[in-house]
Amino acid sequence: MSLNLLNLDAAQMANFFAEAGEKPFRAKQLLRWIHQYGEADFSRMSDLAKPLREKLAASAVIAAPQVVSDTTAADGTRKWLIDVGNGNAVETVFIPETDRGTLCVSSQAGCALDCKFCSTGKQGFNRNLSVAEIIGQLWIASRALARDAAKAPGAAPKGERIISNVVMMGMGEPLANFDSVVAAMRLMLDDNAYGLSRRRVTLSTSGIVPAIDRLRETCPVALAVSLHAPNDALRDVLVPINRKYPLAELLAACRRYLDKAPRDFVTFEYVMLDGVNDGAEHARQLLALVRDVPCKFNLIPFNPFPNSGFKRSPREAIRRFAEILISAGLVVTTRKTRGDDIDAACGQLAGRVDDKTRRTRRVVEIQPC
Ligand code: SAH
Ligand code: SF4
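Under my numbering, residues 416 to 784 are what the sequence shown spells out, in order.
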């Protein structure tokens, strides 16, 4: 079977060319062709000698996963459904804003962690995505957006990045697919590929503590942590991984991470669930909990999906909750709901998952604490 070059980070590409007896700069050229120009056809790589192009075509491919659908919401948010084989599909979302363009990337087909308010979690889990399937989402979106920008009058000037930020916040728990996610993020950061700074690549985790420490050592990008509850009793229910890595351990890992992080704070995500975690007492508990961790809060109004069993907190409750945190000196943002008319908002990404865990057949009762 041919080697898929989309699976290789810069170091692996260099090895591939070294083993083929080619000069190291060829690896850089190829990375640029693939990731900067979005080229998948060796015969169009005009600065490579013809024999090399033929040699590559005989032994390798550049194969991104297939796009099943491409939908744009009323607010400009765009969602791709991407086939990753065997009945599974994942979703990738582009969120345009005036000062940036953010791509939300998936890391797994489904998710095994079963957070109670998450549509991906409800789908169960099939498998980890490969590097090609993860970086392929950025490859597909960059190509599609560049093609459209070239057509649109007055669009982004040539050379300006349309995707300025990547967030690993799509389907799946990125730290549960550590090696492939790190290899894909290295490509996002590589100057010969996407050239994003570490501050502009954010990984969101539900809190796999040993993997947070590994990330700190191997590829410290901006870190977001899905907190969602101010005490272990409630978090054990909402985010079940908390039973393995409780809050005290998670917050200690966040503090350690900050030594190497590209930003001097961790972002805590907190989904606002009506009557579950959105009271004044929860906000006050949170203040005590994060006292020693430089952080910002991102409140996420719950995005509903069928049979979730939860309701979004009323706007006034979110405002009051934010006010308590802000009065104590914390920086708090409330995430705008984007793309919900095409089910592209946080937590609504479901794709298509052939559940191997059979979770979808289990009935789970949730009692708000
Ligand atoms: N698995 C990772 C990243 C993917 S989810 C994690 O859990 O952090 C990205 C964010 O959306 C997380 O903070 C997640 O908890 C949140 N989220 C999940 N379901 C949601 C929903 N229905 N409404 C709002 N946010 C949700
Ligand atoms: Fe998985 Fe994140 Fe959803 Fe939890 S919130 S089930 S970790 S994708």
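Glycine included, every Cβ here is placed at the ideal spot set by N, Cα and C.
- Those residues that have a beta carbon less than 6 Å away from any non-hydrogen atom of the ligand SF4 are, in order along the chain, C526, L528, D529, C530, C533, T535, G536, G587, E588, S621 and S641.
- Distance from the C-beta of H697 to the nearest heavy atom of the ligand SAH is not below 7 Å.
- Comparing alpha carbon positions, the residue from K771, D770, D755 and R767 closest to R493 is D755.
- G536 carries a helical assignment under DSSP once its states are collapsed to helix, strand and coil.
- In the DSSP assignment, V636 forms no beta bridge with any residue.
- Between L653 and the set L445, V482, K537 and P439, the nearest pair of CA atoms involves K537.
- Between the ligand SAH and S619, a heavy atom-to-CB distance of less than 7 Å is present.
- In this structure, the straight-line span from the alpha carbon of W448 to that of L421 is close to 11 Å.
- Contact check for F540 and G525: beta-carbon distance about 4 Å, within the 8 Å limit, so the pair qualifies.
- With a threshold of 7 Å, the Cβ atom of H450 does not count as near the ligand SAH, since no heavy atom of the ligand is closer than that.
- With a cutoff of 7 Å, E548 does not count as near the ligand SAH, since its C-beta is closer than that to no heavy atom of the ligand.
- For E434, the shortest C-beta to heavy atom distance toward the ligand SAH is 7 Å or greater.
- For I715, the CB falls within less than 7 Å of some heavy atom of the ligand SAH.
- In terms of CA proximity to L528, R650 leads the group E696, I733 and R650.
- Burial state of V640 is buried, judged by a 10 Å Cβ sphere holding 16 or more other Cβ atoms.
- Bounds of the alpha helix (DSSP H) holding F431 are A425 to E434.
- Contact annotation: V546 and S595 have beta-carbon atoms nearer than 8 Å.
- Between the stretch 488-507 and the stretch 549-564, the count of Cβ pairs shorter than 8 Å is three or higher; the stretches touch.
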